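Right, here's the structure in full:
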């Protein structure tokens, strides 16, 4: 590791900070769950995810797959990171994922009939559209658009948070970015090596992991798929959110 990498977070008054991790739909949720659940299990940290019953004193790491964070998660001494993704790639990834997701897997809502889609399921409505361009537009107006609206709330951060880019994580074969994330959150120094080994094993670039949740993970897929009409539609709906999140303009 190079010298510019951060050291683990210092303790305040003898108490190590709580660790808070947030993701959004199609920004690495299952990657983060896989990595942090193993870290907590193997290294002795107590993990809490939204929907499980714990009190504030019963967890060391809280993972929120919707980044909604209740006030009790952000009290006292904590460090947090939120995993974002180029919002245009959120659209591409979401449309492909929702059109192909099999029943019995996660995100069962994709297969529930809805009056909003004339009695069809989200997947049926998506697949009834005549072209990829139409499917991307539908995703932009629906689940992908709602994800972007939530993600853009983190353009401005309170000092306890740092943004982590999905694109950096999925290409981080040298583990520099994972080291920064773990050290910022407060993974103890003696645990950094084992935590990095877990991150490598859980990442697609290790060749050891197969998952239906990540189709490719490659950055800037939108450059291949966005038409001028989709660019205009995106700009009309979301303005310069991509640039404000640190991504290049079209």
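Numbering (full-length UniProt numbering), first residue to last: 1 to 250. Backbone N, C-alpha and C fix where the C-beta goes; we use that ideal spot for every residue, glycine too. Quick caveat: nothing in here was measured; it's all calculated off a predicted structure.
8 Å Cβ cutoff met for residue i and residue j
{"i": "residue 252", "j": "residue 203", "result": "As displayed, the chain neither begins before 1 nor continues past 250, which places residue 252 out of reach and without an answer."}
{"i": "residue 90", "j": "residue 164", "result": "no"}
{"i": "residue 233", "j": "residue 140", "result": "yes"}
{"i": "residue 85", "j": "residue 161", "result": "no"}
{"i": "residue 24", "j": "residue 150", "result": "yes"}
{"i": "residue 17", "j": "residue 78", "result": "yes"}
{"i": "residue 105", "j": "residue 241", "result": "no"}
{"i": "residue 99", "j": "residue 126", "result": "yes"}
{"i": "residue 148", "j": "residue 87", "result": "yes"}
{"i": "residue 225", "j": "residue 138", "result": "no"}
C-alpha distance - residue i paired with residue j, whole-angstrom precision
{"i": "residue 197", "j": "residue 42", "result": "12 Å"}
{"i": "residue 109", "j": "residue 101", "result": "11 Å"}
{"i": "residue 66", "j": "residue 73", "result": "13 Å"}
{"i": "residue 253", "j": "residue 144", "result": "Residue 253 lies beyond the range of the chain shown here (1 to 250); nothing can be said about it."}
{"i": "residue 19", "j": "residue 121", "result": "37 Å"}
{"i": "residue 213", "j": "residue 76", "result": "Note that residue 213 scores 49 on pLDDT, short of 50, meaning its location in the model is unreliable and no value can be drawn from it."}
{"i": "residue 249", "j": "residue 199", "result": "30 Å"}
{"i": "residue 129", "j": "residue 31", "result": "30 Å"}
{"i": "residue 215", "j": "residue 39", "result": "Per-residue confidence for residue 215 stands at a pLDDT of 49, beneath the threshold of 50, marking its modelled position as unreliable; the derived number appears in the next sentence. Rounded to whole angstroms, residue 215 to residue 39 spans 24 Å at the Cα level."}
{"i": "residue 231", "j": "residue 132", "result": "14 Å"}
{"i": "residue 183", "j": "residue 177", "result": "10 Å"}
{"i": "residue 111", "j": "residue 15", "result": "45 Å"}
{"i": "residue 118", "j": "residue 71", "result": "38 Å"}
{"i": "residue 193", "j": "residue 83", "result": "22 Å"}
{"i": "residue 223", "j": "residue 173", "result": "24 Å"}
{"i": "residue 239", "j": "residue 146", "result": "15 Å"}
Three-state class that DSSP yields for residue i in the structure shown
{"i": "residue 215", "result": "Low local confidence applies: a pLDDT of 49 at residue 215 is under 50, so the model's placement there is unreliable, and no value is given."}
{"i": "residue 121", "result": "coil"}
{"i": "residue 132", "result": "helix"}
{"i": "residue 35", "result": "helix"}
{"i": "residue 79", "result": "strand"}
{"i": "residue 12", "result": "Low confidence applies here, because residue 12 scores a pLDDT of 48, under 50, leaving its location unreliable; read the following figure in that light. Here residue 12 sits in strand by DSSP."}
{"i": "residue 70", "result": "coil"}
{"i": "residue 20", "result": "strand"}
{"i": "residue 112", "result": "coil"}
{"i": "residue 164", "result": "strand"}
Rounded distance between the beta-carbons of residue j and residue i, thought under 8 Å
{"i": "residue 34", "j": "residue 80", "result": "With 8 Å as the limit, residue 34 and residue 80 do not qualify as a contact, their Cβ atoms being about 19 Å apart."}
Heavy atom of the ligand ZN within 7 Å of residue i beta-carbon
{"i": "residue 224", "result": "In the structure on display, the ligand ZN does not appear, and there are no ligands present to speak of."}
So, do the segment 56-67 and the segment 95-106 have three or more beta carbon pairs nearer to each other than 8 Å?
-> By the C-beta criterion, the segment 56-67 is judged not to be in contact with the segment 95-106, since fewer than 3 inter-stretch pairs fall below 8 Å.
Tell me, please, whether the segment 29-46 touches the segment 61-74 by the rule of three or more beta-carbon pairs shorter than 8 Å.
-> The segment 29-46 is in contact with the segment 61-74.
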